[in-house]
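Colleague: Input: one structure, supplied below.
Number of protein chains: 2
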Amino acid sequence: MTPDASVPDTLRQRLRQAGLRVTAPRLAVLEWLAEHPHATADQVATGVRGQLGSVSTQAVYDVLGACARAELVRRIEPAGHPARFETRTGDNHHHLVCRRCGRTEDVDCAVGAAPCLEPSDGKGFAVDEAEVVFWGLCPDCLVASPTTAAHHHEEGRA
Amino acid sequence: MTPDASVPDTLRQRLRQAGLRVTAPRLAVLEWLAEHPHATADQVATGVRGQLGSVSTQAVYDVLGACARAELVRRIEPAGHPARFETRTGDNHHHLVCRRCGRTEDVDCAVGAAPCLEPSDGKGFAVDEAEVVFWGLCPDCLVASPTTAAHHHEEGRA
DNA sequence: ACGTAATCTGGAATGAGTCAAGAAAACGAT
DNA sequence: ATCGTTTTCTTGACTCATTCCAGATTACGT
C-alpha cells in the first residue's frame, strides 16, 4: 500500500534520507508524535491506531526503535516511568519530569551551549552524551499533593 | 535474633536515627553496599546471602526501598539498565554510565556547587533534584567494541 | 512489473520490580 | 526479663514495559 498522500512530504523525505523505508506506520508515528511530544509507546500506539485502524504493538516499538537509531526521534526513559518519545532531536535539550505523574517538559540547556557536556573526571569513558533530568512535581500534582510543602521527602517514588 | 555484633555501631546508629529498626538484613545490605557501590538489587541480594545465608528477594527490595526513603542509600536507574544503589547520599554527585555494560562511576558535580540545580524555565514545577548522567562507553567496552571510532551511532541502545 | 530484503502481525516470553497474606522478630513499657 | 504491638521478612503469584520469534506482507531498486 502506498501510504496516505496527505502526509507532508517532509516526513517522507526525512525517512528516506535516514535510509529508512517509508511505511504507513512510520509516517503515522512520526506525524502523531510531532503533535504529541513526550508520549509513551502505549500512547503512540493508541494514537496511531486512531489514524490507521490497527497497528501492532511490535510495529510501534520497531518504528520507534528504528527512528531513534536514525535520530528522527529521541527516547527518554525517566526512572520509574515508561519510556517517552519526542521528535525534537539534535539540540541537546533537557527535561523536567514530574515524579508523580511522569509529565515531561522540555528545558533548554540552562548553562548555555555545552557546559554540562564534559564530566570533571571521565575515568577513561568515551562520553557521548550528558543527560540532565530535573525532578519535581508538576503544577497539577503540586495542587493534588496530600503532603503540604512542609515535608520534603514523604512521597517515595512509585 | 539480635543482629551480628561485629557490625560497626555506626550503621546501627544510622538506622536508628533514621527511625528504622535495626535488623540483620538491613545491616548486611548497608554494609555490603558500602563496599560495593553501584550494585544492582540482584547483586545486593547475592552478596547479602553470602553473609547471612538466606534473604528473600523481597526483603532486599524492602530494605533498599526503606533506606532510599530514609536517604541512607541512593537509587540510580540508568535507562535500559536495572537500578543501582549506593550509600553515598547527600552530596549531589552525578554519574558516568557505560551504555554497553552498565558500569557506573561517580562524578563530582562538574560546575561547582549548584549550577545545574535550577532549570532555565521551571514551567511551574517544584524541582527538588537535578540528575545528571554522562553516557558513554567504559574503557573495557571501548576496547571490546566491534565498531571502531569511525562510526558514530551504529550501536543502537539496548 | 518482479524479486528480494526490510518491515509488520500475532502471540508467547522475559526481566525487573511489586502486591498480598501470614509468620517472625524488634522495639518500648511494664 | 517478659509481653504486646508494630514493623519487617518469607513465599509465591502477579504486573508492566519491552523484546523475541516465525511467518505473512510490503516497499524499493532494477
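Protein sequences appear in the order of chains W and D.
FYI, the working numbering numbers position 129 of the first sequence as 418, with every residue one higher than the one before it.
FYI, the working numbering numbers position 10 of the second sequence as 299, with every residue one higher than the one before it.
We treat Cβ as the ideally placed atom computed from N, Cα and C, and that holds for glycine.
1. Give the residues of chain D in contact with residue 417 of chain W, contact being defined as C-beta atoms less than 7 Å apart.
2. So which residues of chain D does residue 324 of chain W contact, with C-beta pairs closer than 9 Å?
3. Secondary structure at residue 415 of chain D, three-state DSSP: helix, strand or coil?
4. Rounded to the nearest angstrom, what separates residue 250 of chain W and residue 432 of chain D at their Cα positions?
5. If we define contact as Cβ-Cβ less than 8 Å, is residue 307 of chain D a contact residue for chain W?
6. Can you tell me the Cβ-Cβ gap for residue 317 of chain D and residue 337 of chain D, rounded? I've got them flagged as a contact below 8 Å.
7. Report back the beta-carbon spacing between residue 384 of chain D and residue 397 of chain D to the nearest angstrom; my notes put them in contact at under 8 Å.
8. Hey, could you find the ends of the beta strand (DSSP E) residue 373 of chain D is sitting in?
9. Please state whether DSSP places residue 361 of chain D in a helix, a strand or coil.
10. Determine the burial state of residue 376 of chain W: buried for a count of at least 16 other Cβ atoms within 10 Å of its Cβ, exposed for fewer.
11. State yes or no: is the C-beta of residue 424 of chain D within less than 8 Å of the C-beta of residue 418 of chain W?
12. Looking at C-beta atoms only, is the number of pairs between the region 387 to 395 of chain W and the region 347 to 357 of chain W that lie closer than 8 Å three or more?
13. Using 10 angstroms around the beta-carbon of residue 320 of chain W, count the other beta-carbons present and answer buried if the total reaches 16, otherwise exposed.
14. Shortest alpha-carbon distance to residue 410 of chain D belongs to which of W/386, W/326, W/415?
15. Can you name the residues of chain D whose CB is closer than 7 Å to the CB of residue 394 of chain W?
16. Could you name the residues of chain D that residue 304 of chain W contacts, counting a contact when the two beta carbons are closer than 9 Å?
17. List, in chain order, every chain D residue whose beta-carbon is nearer than 7 Å to that of residue 368 of chain W.
18. Under 7 Å Cβ to Cβ from residue 329 of chain W, same chain only, skipping five residues before and after it: list those, please.
19. If we define contact as Cβ-Cβ less than 8 Å, is residue 318 of chain D a contact residue for chain W?
20. At least one CB of chain D closer than 8 Å to the CB of residue 375 of chain W: is that the case?
Modeller: Taking the geometry as given:
1. 424, 425
2. Near residue 324 of chain W there are no residues of chain D at all, since even the closest Cβ is about 19 Å away, more than 9 Å.
3. strand
4. Lying outside 290 to 447, the shown extent of chain W, residue 250 of chain W is not represented and no answer is given.
5. no
6. 5 Å
7. 11 Å between Cβ atoms; not a contact.
8. 373 to 375
9. coil
10. buried
11. yes
12. no
13. buried
14. W/386
15. 412
16. What residue 304 of chain W touches in chain D: nothing, since even the nearest Cβ is about 17 Å away.
17. 366
18. 371, 372, 373
19. no
20. no
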